[in-house]
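See below for the structure under consideration.
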Amino acid sequence: MEVFDKVNGLIADMENSQPANMDELEQFRIKYLGSKNILKPLMGEIRNVPNEQKRDYGQLVNKAKQVAESKYAALKIELESAAEQASAQQLDLTAPGDPLVLGARHPISATWNRIVRIFERIGFVVAEEREIEDDWHNFTAMNTPEDHPARDMQDTYYLKDSTSMLLRTHTSSVQARVMKNQQPPIRIIAPGRVYRNETISARAHAQFHQVEGLYIDEKVSFADLKQTLLYFAREMYGPQTDIRLRPSYFPFTEPSAEMDVTCFICNAKGCNVCKYTGWVEILGCGMVDPQVLINCGIDPEKYSGFAFGMGIERQAMLLYQINDIRLLFENDVRFLEQFKAVL
Numbered sequence: 001m002e003v004f005d006k007v008n009g010l011i012a013d014m015e016n017s018q019p020a021n022m023d024e025l026e027q028f029r030i031k032y033l034g035s036k037n038i039l040k041p042l043m044g045e046i047r048n049v050p051n052e053q054k055r056d057y058g059q060l061v062n063k064a065k066q067v068a069e070s071k072y073a074a075l076k077i078e079l080e081s082a083a084e085q086a087s088a089q090q091l092d093l094t095a096p097g098d099p100l101v102l103g104a105r106h107p108i109s110a111t112w113n114r115i116v117r118i119f120e121r122i123g124f125v126v127a128e129e130r131e132i133e134d135d136w137h138n139f140t141a142m143n144t145p146e147d148h149p150a151r152d153m154q155d156t157y158y159l160k161d162s163t164s165m166l167l168r169t170h171t172s173s174v175q176a177r178v179m180k181n182q183q184p185p186i187r188i189i190a191p192g193r194v195y196r197n198e199t200i201s202a203r204a205h206a207q208f209h210q211v212e213g214l215y216i217d218e219k220v221s222f223a224d225l226k227q228t229l230l231y232f233a234r235e236m237y238g239p240q241t242d243i244r245l246r247p248s249y250f251p252f253t254e255p256s257a258e259m260d261v262t263c264f265i266c267n268a269k270g271c272n273v274c275k276y277t278g279w280v281e282i283l284g285c286g287m288v289d290p291q292v293l294i295n296c297g298i299d300p301e302k303y304s305g306f307a308f309g310m311g312i313e314r315q316a317m318l319l320y321q322i323n324d325i326r327l328l329f330e331n332d333v334r335f336l337e338q339f340k341a342v343l
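Under full-length UniProt numbering, the letters of the sequence shown match residues 1 to 343, in that order.
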């Protein structure tokens with residue numbers, strides 16, 4: 001019958017079709033698979049087919065649709081593969097590649113890593129803990145009860161509708177958690193981000209980073225503290241560096257001290273960094289107050305220890321002579337590119 005011949009003719013045309021490019025393939029798709037393709041009217045011709053042949057005709061029309069779909073899929077894969085090969089052949093493999101722009105380690109990260117490596121060489125282990133802390137671990141365990149005037153030394157960010165949960169003001173809370181869960185000997189450093197409600201300026205920020213250290217064992221003395229910090233200062237700032245300890249006050253250490261190092265910018269001769277004194281303050285330290293040991297379940301009759309803490313931003317600003325702490329938080333690429341050689 002004529003309708004059968006017409007469908008078979010279309011099937012033959014599709015099978016013999018060989019588009020040479022993607023434009024011709026698109027024309028094939030429109031002709032045989034588009035919304036107004038030439039196969040659609042074929043099913044309407046079934047009314048002109050004798051009843052005994054309607055089934056055969058319907059199957060033939062369905063075959064034509066399947067041939068169109070499979071032919072299109074095969075042609076698409078073939079042409080795309082050919083296009084990729086042609087594109088690859090056009091590449092000039094001798095041409096120089098695009099230069100890769102290398103990033104720079106952030107000065108805070110570089111200083112953090114440098115401090116950690118120094119203390120790891122003498123047996124300190126890194127300890128990290130939560131930044132959202134409870135009042136007990138942040139203050140009370142560190143010998144700072146609710147009515148203690150030392151709480152006025154640092155303005156605290158408390159969580160909304162809470163008087164007991166806060167953003168930690170120092171990493172001393174890490175020390176408290178370690179002492180609660182581990183018996184001496186303890187030798188840790190606790191680096192991390194801390195928060196204080198301070199006015200942001202060239203010298204202060206509402207968030208910054210600290211590294212605190214803690215060593216607890218039998219017969220730990222102030223001499224051990226001094227020798228540990230002297231080692232750190234000379235590894236950090238150079239073998240010619242000397243230190244001095246000045247009496248100070250911290251709730252969780254007694255006695256307490258501020259530590260200065262000889263100015264490594266001017267070799268202690270006097271400059272604007274050391275305010276022409278030859279000394280630069282870098283950290284606070286002291287012997288762990290026995291009450292802190294008791295709060296954390298450690299026997300102060302058997303054990304003693306020392307602790308110290310420093311701001312990482314301050315060390316970075318001294319090392320790289322940065323005069324504004326805000327530069328460390330602004331992510332200005334022009335500023336950060338200056339530290340490409342820093343490890």
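Heads up, the beta-carbon is just placed ideally off N, CA and C, and yes, glycines get one too. Fair warning: this is a prediction, and the values are worked out from it, not measured in the lab.
**OP:** Report yes if the CB atom of K340 is closer than 7 Å to the CB atom of A104, and no otherwise.
**Re:** Numbered from 1 along the sequence shown, position 340 holds the residue referred to as residue 340. Numbered from 1 along the sequence shown, position 104 holds the residue referred to as residue 104. Between K340 and A104, the CB-CB gap stays under 7 Å.
**OP:** Would you check if there are 3 or more beta carbon pairs closer than 8 Å linking the segment 287–305 to the segment 170–190?
**Re:** Under the 8 Å Cβ criterion, the segment 287–305 counts as touching the segment 170–190, having at least three qualifying pairs.
Original post:
Thinking C-beta only, is F264 closer than 7 Å to G238?
Top reply: Start at 1 with the first residue of the sequence shown, and residue 238 comes out as number 238. Start at 1 with the first residue of the sequence shown, and residue 264 comes out as number 264. It is a contact, given that the beta carbons lie within the stated cut-off.
Original post:
How many Å lie between P247 and W279 at the Cα?
Top reply: On the sequence shown, residue 247 is found 247 positions in, with the first residue counted as 1. On the sequence shown, residue 279 is found 279 positions in, with the first residue counted as 1. Our two residues, P247 and W279, have alpha carbons roughly 15 Å apart in a direct line.
Original post:
Do A127 and A190 have their C-beta atoms within less than 7 Å of each other?
Top reply: What you label residue 127 is simply residue 127 of the sequence shown in a count that begins at 1. What you label residue 190 is simply residue 190 of the sequence shown in a count that begins at 1. Inclusion of A127 and A190 in the CB contact set at 7 Å is warranted, their separation being smaller than that value.
Subject >> Check whether L10 and A83 have beta carbons under 7 Å apart >> reply: As a first step, residue 10 must be located in the sequence shown, where it is residue number 10. As a first step, residue 83 must be located in the sequence shown, where it is residue number 83. Result no, Cβ atoms of L10 and A83 do not sit closer than 7 Å.
**OP:** Please check the pair N143 and P251, which I expect to be a contact at CB under 8 Å, by giving their CB distance rounded to whole angstroms.
**Re:** For the purposes of this step, residue 143 is taken as residue 143 along the sequence shown, with counting starting at 1. For the purposes of this step, residue 251 is taken as residue 251 along the sequence shown, with counting starting at 1. Yes, they are in contact, since the Cβ atoms of N143 and P251 sit about 5 Å apart, within 8 Å.
Original post:
Who pairs with M310 in a beta bridge, going by DSSP?
Top reply: Here the question's residue 310 lines up with position 310 in the sequence shown. Under DSSP, the beta-bridge partners assigned to M310 are V211.
**OP:** Write down every uninterrupted run of the beta strand (DSSP E) in the segment 239–294 whose length is 3 residues or greater and which is fully enclosed by it, in chain order.
**Re:** Complete beta strand (DSSP E) runs here, min 3: 243–250, 253–262, 279–288.
**OP:** With R193 as the anchor, note down where its beta strand (DSSP E) starts and where it stops.
**Re:** The count along the sequence shown starts at 1 and reaches residue 193 at position 193. Run containing R193: 186–195, per the beta strand (DSSP E) assignment.
Subject >> Cβ neighbour criterion (16 or more within 10 Å) applied to R203 >> reply: Here residue 203 refers to the residue found at position 203 when the sequence shown is read from its first residue. R203 sits exposed, since fewer than 16 C-beta atoms from the chains shown fall within 10 Å of its C-beta.
Subject >> Simplified DSSP assignment, three categories, for Y32 >> reply: Taking the first residue of the sequence shown as position 1, residue 32 is located at position 32. DSSP places Y32 in helix when its eight states are reduced to three.
Subject >> Close Cβ partners of P255 (< 8 Å) along its chain, the five nearest in sequence each way excluded >> reply: Taking the sequence shown and counting its residues from 1, the one referred to as residue 255 is at position 255. Correct list, in chain order: F222, P247, G286, M287.
Subject >> Backbone secondary structure at I132 - three-state DSSP >> reply: Translated into positions along the sequence shown, residue 132 becomes position 132. I132 falls in the strand class under three-state DSSP.
Original post:
Going straight from the alpha carbon of D161 to that of V174, what length do you get?
Top reply: Here the question's residue 161 lines up with position 161 in the sequence shown. Here the question's residue 174 lines up with position 174 in the sequence shown. Those two C-alpha atoms are separated by around 24 Å.
Original post:
For Y158, which residues does DSSP report across the bridge?
Top reply: Here residue 158 is taken as the residue at index 158 of the sequence shown, counted from 1. For Y158, which the question treats as bridged, DSSP gives the partners L166.
Original post:
Between the beta-carbon of V261 and the beta-carbon of A307, is there less than 7 Å?
Top reply: Walking along the sequence shown from the start, residue 261 turns up at place 261. Walking along the sequence shown from the start, residue 307 turns up at place 307. Judged by beta-carbon spacing, A307 lies beyond the 7 Å limit of V261, meaning their Cβ atoms are not closer than that value.
Subject >> Cross-strand partners of G297 (DSSP beta bridge) >> reply: Counting from one through the sequence shown, the residue named residue 297 turns up at place 297. As computed with DSSP, G297 is found in no beta bridge at all.
Original post:
So is T199 buried or exposed if we call it buried at 16+ other beta carbons inside 10 Å?
Top reply: Translated into the one-based positions of the sequence shown, residue 199 becomes position 199. With fewer than 16 Cβ atoms within 10 Å of its Cβ, T199 is classed as exposed.
Original post:
So who's on the other strand from I216, going by DSSP bridges?
Top reply: Counting from 1 along the sequence shown, the entry for residue 216 is found at position 216. According to DSSP, which records beta bridges pairwise, I216 is partnered with I186, G305.
**OP:** Kindly give me the distance between the Cβ atoms of V292 and A141, rounded to whole angstroms, as I take these residues to be in contact under 8 Å.
**Re:** By one-based count along the sequence shown, residue 292 stands at place 292. By one-based count along the sequence shown, residue 141 stands at place 141. V292 to A141, Cβ: 7 Å. Contact.
Original post:
Out of curiosity, what's the CA-to-CA distance linking D148 and R187?
Top reply: For this step, residue 148 is matched to residue 148 along the sequence shown. For this step, residue 187 is matched to residue 187 along the sequence shown. Here residue 148 is His; the residue named in the question, Asp, does not match the sequence. Rounded to the nearest angstrom, the gap between the Cα atoms of H148 and R187 is 28 Å.
**OP:** Consult DSSP for V125 and reduce its assignment to one of helix, strand or coil.
**Re:** Your numbering for residue 125 matches position 125 in the sequence shown. Residue state for V125 is assigned as strand, using DSSP reduced to three classes.
Subject >> Residues near P290 by beta carbon distance below 6 Å, same chain, minus five either side >> reply: Counting from one through the sequence shown, the residue named residue 290 turns up at place 290. Once the five neighbours on either side are set aside, the close Cβ partners of P290 are P300.
**OP:** Check each candidate in Y249, Y231, T253 and name the one with the smallest Cα separation from I243.
**Re:** As a position in the sequence shown, residue 243 is number 243, starting the count at 1. Minimum Cα distance to I243 is reached at Y231.
Original post:
With C-beta atoms as the reference, is P185 less than 7 Å away from D217?
Top reply: Here residue 185 corresponds to residue number 185 of the sequence shown, with the count starting at 1. Here residue 217 corresponds to residue number 217 of the sequence shown, with the count starting at 1. P185 places its beta carbon less than 7 Å from that of D217.
Original post:
At what residues does the alpha helix (DSSP H) containing R114 begin and finish?
Top reply: Walking along the sequence shown from the start, residue 114 turns up at place 114. Note, R114: alpha helix (DSSP H), 107–120.
Subject >> CB of residue 358 within 7 Å of CB of V194, strictly >> reply: Given a span of 1 to 343 for the chain in the structure shown, any question on residue 358 remains unanswerable.
Original post:
So is G97 buried or exposed if we call it buried at 16+ other beta carbons inside 10 Å?
Top reply: Working through the sequence shown from its first residue, we reach residue 97 at position 97. Taking a 10 Å sphere around the C-beta of G97, we find fewer than 16 other C-beta atoms and assign the residue as exposed.
Subject >> Through-space distance from F329 to V101, alpha-carbon basis >> reply: Along the sequence shown, one-based indexing puts residue 101 at 101. Along the sequence shown, one-based indexing puts residue 329 at 329. Each residue's Cα considered, the two are about 22 Å apart.
**OP:** Spatial neighbours of I322 within its chain, please: CB distance less than 8 Å, with the 5 preceding and 5 following residues excluded, ordered by chain position.
**Re:** Taking the sequence shown and counting its residues from 1, the one referred to as residue 322 is at position 322. These residues qualify, in order along the chain: P107, A316, L328.
Subject >> Cβ neighbour criterion (16 or more within 10 Å) applied to L93 >> reply: Here residue 93 is taken as the residue at index 93 of the sequence shown, counted from 1. Per the 10 Å Cβ criterion, exposed.
**OP:** Using a Cβ-Cβ cut-off of 7 Å, state whether I216 counts as contacting chain C.
**Re:** This model lacks chain C altogether; it includes just one protein chain.
Original post:
Q227 lies in the alpha helix (DSSP H); which residues open and close that run?
Top reply: By one-based count along the sequence shown, residue 227 stands at place 227. First-last of the alpha helix (DSSP H) with Q227: 222–237.
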